[in-house]
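Using the numbering used here, the first residue of the sequence shown is number 65, and each one after it goes up by one. Quick reminder that beta carbons are idealized off the backbone N, C-alpha and C, glycines included. This report concerns only the one structure given below.
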Amino acid sequence: MEHSSERENGDGTASQYTRDMQAERHSVREALRSDLPAAHMGLGATVIVLIVVASFSSPQWTLIVAGAFTAWFLLALAVIHIGSGRGWDAVRRAYIATFGWGNWI
Numbered sequence: 065m066e067h068s069s070e071r072e073n074g075d076g077t078a079s080q081y082t083r084d085m086q087a088e089r090h091s092v093r094e095a096l097r098s099d100l101p102a103a104h105m106g107l108g109a110t111v112i113v114l115i116v117v118a119s120f121s122s123p124q125w126t127l128i129v130a131g132a133f134t135a136w137f138l139l140a141l142a143v144i145h146i147g148s149g150r151g152w153d154a155v156r157r158a159y160i161a162t163f164g165w166g167n168w169i
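This is the structure:
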């Protein structure tokens, strides 16, 4: 009799642990989730930063910053394309991956 109750406790503990981990992962995913309006805000902030950089420094730095964002977008697009993303969905997901940080402004 004791053996079966220990086994139930062990399964219950593992089950509780699994539920706790799923709940924690869900909350982290929700906190880090980005969407299209957030990406638009991130793009707008990037454009403003590029204008400020262009007005206070040489065009060289503006091109470097713009090139970094372009490279990040192209890298995200390539990774998403390799991972079976196709067409406009891949472009949208890469856009969100590049500028989705607008949620935190």
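How long is the line joining the alpha carbons of Gly-164 and Gly-106, rounded to whole angstroms?
In a straight line, the C-alpha of Gly-164 is about 6 Å away from that of Gly-106.
From Thr-77 to Gln-86, what distance separates their C-alpha atoms?
Looking at the two C-alpha atoms, the distance is approximately 14 Å.
Excluding sequence positions up to five away, which residues of its chain have a Cβ less than 7 Å from the Cβ of Ala-158?
Phe-137, Ala-140, Leu-141 and Ile-144
Just the C-alpha distance for Ala-109 and Ala-135, rounded to the nearest angstrom, thanks.
18 Å
Count the other CB atoms, across all protein chains shown, that sit within 10 Å of the CB of Gly-166; report buried if there are 16 or more and exposed otherwise.
buried
Measure how close the beta-carbons of Leu-100 and Ile-160 come, nearest whole angstrom, since I'm counting them as under 8 Å.
7 Å
Is it true that the CB of Thr-162 sits closer than 9 Å to the CB of Ala-103?
yes
DSSP three-state label for Gly-166, please.
helix
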